[in-house]
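J.: Numbering (the numbering used here), first residue to last: 366 to 743. C-beta: ideal position from N, C-alpha, C; glycine also. Nothing here was measured: the structure is a model prediction, and the numbers come from that model.
Spelled out as structure tokens, the structure:
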């Protein structure tokens with residue numbers, strides 16, 4: 366659409382006052398047209414510039430090596446809340462699915478007082494629960510490949526955010542009592558060195574489905590910055606059966622220290638923290654397009670897996686687990702995610718069960734004032 370045509374179209378669009386009750390639907394329809402136009406422009410640029418972009422990225426493109434297919438186990442987690450008038454029902458869960466069977470699971474369900482930034486706190490705790498569960502599976506099995514749902518880096522940021530908040534709340538002698546519910550999980554993560562086990566394992570990769578990194582776009586196609594991600598760029602450039610050579614996960618401009626937290630029970634906590642940070646320095650990123658119908662997948666993996674033979678096994682295992690065309694992820698990862706997403710339903714039932722039980726001891730208005738939903742249920 367030319368600028369002239371766009372001006373004409375805008376001139377005939379009725380104002381909000383003229384539309385009255387139809388203003389919201391009209392705004393939605395207008396937004397659809399604008400979004401489609403923006404996407405059309407991006408797609409044309411990607412198609413027209415593909416060969417030029419591929420030539421610019423040619424040094425990083427290689428045919429994917431072949432390898433032996435391993436058994437794949439996926440670990441994912443979720444958290445949910447059900448707000449009430451005077452409290453919040455909160456739950457965290459993690460699940461491990463190997464091939465097509467649930468092999469391990471962990472869950473925490475608590476009733477908490479009003480807490481600011483609760484969602485961010487639960488996100489960090491969920492990451493810890495996932496690492497704990499993954500470390501348990503690594504110790505229990507001597508072979509196979511493990512895939513963590515999400516990015517190693519985003520997990521680092523979420524856990525660090527939690528630890529900073531934990532340290533802030535423990536500056537005085539009387540920290541909030543609700544931390545008692547989660548202190549054992551936080552301390553056990555470092556005491557048992559679960560994070561180190563995961564980072565030093567030669568059998569763990571991470572697959573973030575919502576990969577939002579744009580460093581390659583900014584470096585190789587800055588005119589597309591703000592319109593596409595690195596995953597979109599490599600989906601356009603790579604041919605089926607190709608991958609992009611590894612690059613470090615941690616860039617120089619990215620903070621990756623576990624700031625603000627000191628373990629009260631470990632004298633050598635500084636050394637343990639240094640081991641985690643060293644492990645992050647050994648993580649790499651590749652983009653892999655397995656076939657013609659698939660996009661490029663972002664895979665994060667340790668240095669030990671980027672050599673040709675182990676990388677061939679990783680890519681063969683990942684490709685073999687893409688068993689359903691409609692799923693843009695390995696089947697075990699989809700199943701683990703689907704299991705964890707039921708947490709919200711279970712938590713709603715928990716809250717309703719607590720209210721029902723207490724109604725036998727207290728009058729209904731009292732129970733509703735304290736535990737009743739603070740907004741109308743859907």
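Considering only residues of the same chain and omitting the five flanking positions on each side of residue 627, which have a CB-CB separation below 8 Å?
T.: 532, 634
J.: Report the CB separation of residue 684 from residue 660 in whole angstroms; it is logged as a contact under 8 Å.
T.: Not really, about 13 Å apart at Cβ, beyond 8 Å.
J.: Tell me the rounded alpha-carbon separation between residue 439 and residue 451.
T.: 37 Å
J.: Strictly by DSSP, which residues pair up with residue 442?
T.: Per DSSP, the beta-bridge partners of residue 442 are 459.
J.: Is the beta carbon of residue 674 within less than 6 Å of some heavy atom of the ligand COA?
T.: For the structure depicted, the ligand COA is absent and the ligand set is empty, with no information on it obtainable.
J.: I believe residue 585 touches residue 418 by the beta-carbon criterion, under 8 Å. Please report the beta-carbon distance rounded to the nearest angstrom.
T.: With a Cβ gap of about 7 Å, residue 585 and residue 418 count as contacting.
J.: Does DSSP put residue 634 in a helix, in a strand, or in coil?
T.: Helix, per DSSP.
J.: List in chain order: all unbroken alpha helix (DSSP H) runs of 4+ residues lying wholly within the segment 583-664.
T.: 595-602, 634-646
J.: CB-CB under 6 Å to residue 576, same chain, minus the five flanking residues each way: which ones, in chain order?
T.: 596, 663
J.: Exposed or buried, which one is residue 681 when buried takes at least 16 other CB atoms within 10 Å?
T.: buried
J.: What are the start and end residues of the alpha helix (DSSP H) that includes residue 427?
T.: Looking at the DSSP string, residue 427 is not in any alpha helix (DSSP H); the run it does join, the beta strand (DSSP E), is 426-428.
J.: Helix, strand or coil: how does DSSP classify residue 437 here?
T.: strand
J.: I'd like to confirm the pairing. Which residues does DSSP put opposite residue 570 in its beta bridges?
T.: 512
J.: What residue ranges within the segment 653-721 form continuous alpha helix (DSSP H) runs of no fewer than 4 residues, ordered along the chain?
T.: Runs found: 673-685, 696-705.
J.: Whose C-beta lies closer than 6 Å to the C-beta of residue 643 among residues of the same chain, with five residues either side of it excluded?
T.: For residue 643, where only same-chain residues beyond five positions count, there are no Cβ hits under 6 Å.
J.: By how many angstroms is the C-alpha of residue 504 removed from the C-alpha of residue 653?
T.: 28 Å
J.: Reducing DSSP to helix, strand and coil, say where residue 728 ends up.
T.: coil
J.: Taking just the CA atoms, how far does residue 647 sit from residue 617?
T.: When rounded, the distance between both Cα atoms is 14 Å.
J.: Looking only at C-alpha atoms, which of 518, 392, 412, 425 sits nearest to residue 645?
T.: 518
J.: Going residue by residue through the segment 481-537, where are the continuous beta strand (DSSP E) segments of at least 3 residues, counting only ones entirely within it?
T.: 510-514
J.: Closest to residue 522 by CA distance: which of 493, 512, 581 is it?
T.: 493
J.: Could you tell me the distance, in whole angstroms, from the CA atom of residue 388 to the CA atom of residue 394?
T.: 10 Å
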